[in-house]
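Here the structure is laid out as structure tokens; the discussion comes afterwards.
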Amino acid sequence: MLFCVFLFSFLVFLRYQIYYGYPLQTYLEYPIIIAQDAILLLLILRFSGNMKRALFYAVTFWGGWYVLTLRKWIIDLAMNLCTFISAASKLAQLQCLWQTKDSGQVSALTWSMSAYTCATRIFTTVMTTNDLAVLIRFIIMLILNIWVTATILHYRKIKKTD
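So for the sequence shown, UniProt numbering puts the first residue at 1; every next one is plus one.
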């Protein structure tokens with residue numbers, strides 16, 4: 001279910017960028033991410049024996065795609081909710097790290113790359129659209145990604161050598 005929430009979040013961000021007529025280079029990765037996630041969702045449904053749900057998800061996402069732009073406030077609200085959802089998932093990751101005090105299999109490199117991506121997206125957003133909602137989203141994500149990376153590095157176990 002959480003997977004579908006993130007997929008819908010990507011759809012909202014893509015629709016937001018298209019709705020406001022932003023240049024293709026500011027959101028080009030999102031159609032690729034959405035296609036990958038849609039294929040993954042289909043594979044999950046196929047191999048779990050739930051292919052009947054695929055039509056439900058397709059209709060829901062397709063309907064959501066069009067409902068988002070019925071009114072300007074709907075797309076703006078959806079964009080802000082997606083920022084909240086993304087931030088909540090990162091805070092949940094932080095909470096898990098704090099509770100276990102072990103970074104386990106969590107990759108500091110992956111989280112630092114995510115932070116770098118947010119930093120570059122802040123720069124490109126300022127240079128192209130200067131959209132406040134998008135800037136706030138990426139600033140929040142940058143701060144949380146750096147926080148998760150620092151927490152992972154803090155709890156990383158040091159291997160002893162003889």
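Using N, Cα and C, we set each Cβ at its ideal position, and we do this for glycine too.
All figures in this text were calculated on a predicted structure; none of them were measured in a lab.
Answer yes if the segment 4 to 19 comes into contact with the segment 61 to 68, meaning at least three C-beta pairs across the two stretches below 8 Å, and no otherwise.
Yes, the segment 61 to 68 touches the segment 4 to 19.
So the alpha helix (DSSP H) S86 belongs to, where does it begin and stop?
The sequence position of residue 86 within the sequence shown is 86, counting from 1. Its alpha helix (DSSP H) spans residues 72 to 100.
Quick one: what does DSSP say N130 is sitting in, helix, strand or coil?
Taking the sequence shown and counting its residues from 1, the one referred to as residue 130 is at position 130. Correct three-state label for N130: coil.
Beta-carbon contacts of A54 that lie in its chain and below 7 Å, excluding the five residues immediately before and after
For the purposes of this step, residue 54 is taken as residue 54 along the sequence shown, with counting starting at 1. Around A54: L42, L45.
Cα separation between V134 and M141?
Against the sequence shown, residue 134 aligns to sequence position 134. Against the sequence shown, residue 141 aligns to sequence position 141. Approximately 11 Å between the Cα atoms of the pair.
With 16 as the cutoff for other CB atoms within 10 Å, does N130 come out buried or exposed?
Here residue 130 corresponds to residue number 130 of the sequence shown, with the count starting at 1. Exposed is the call here.
Going by C-alpha to C-alpha distance, which of I152, I39, F10 sits closest to C96?
Within the sequence shown, the letter at position 96 stands for residue 96. Taking only the C-alpha atoms, the option nearest C96 is I152.
By alpha-carbon positions, which one of F84, W147, C4 ends up nearest to T60?
If you number the sequence shown from 1, residue 60 lands on position 60. Of the candidates F84, W147, C4, the residue whose Cα lies closest to the Cα of T60 is C4.
Span separating the alpha-carbon of P31 from that of A38
As a first step, residue 31 is located in the sequence shown; it is residue number 31 there, counting from the start. As a first step, residue 38 is located in the sequence shown; it is residue number 38 there, counting from the start. If you take the alpha carbons of P31 and A38, they lie about 10 Å apart.
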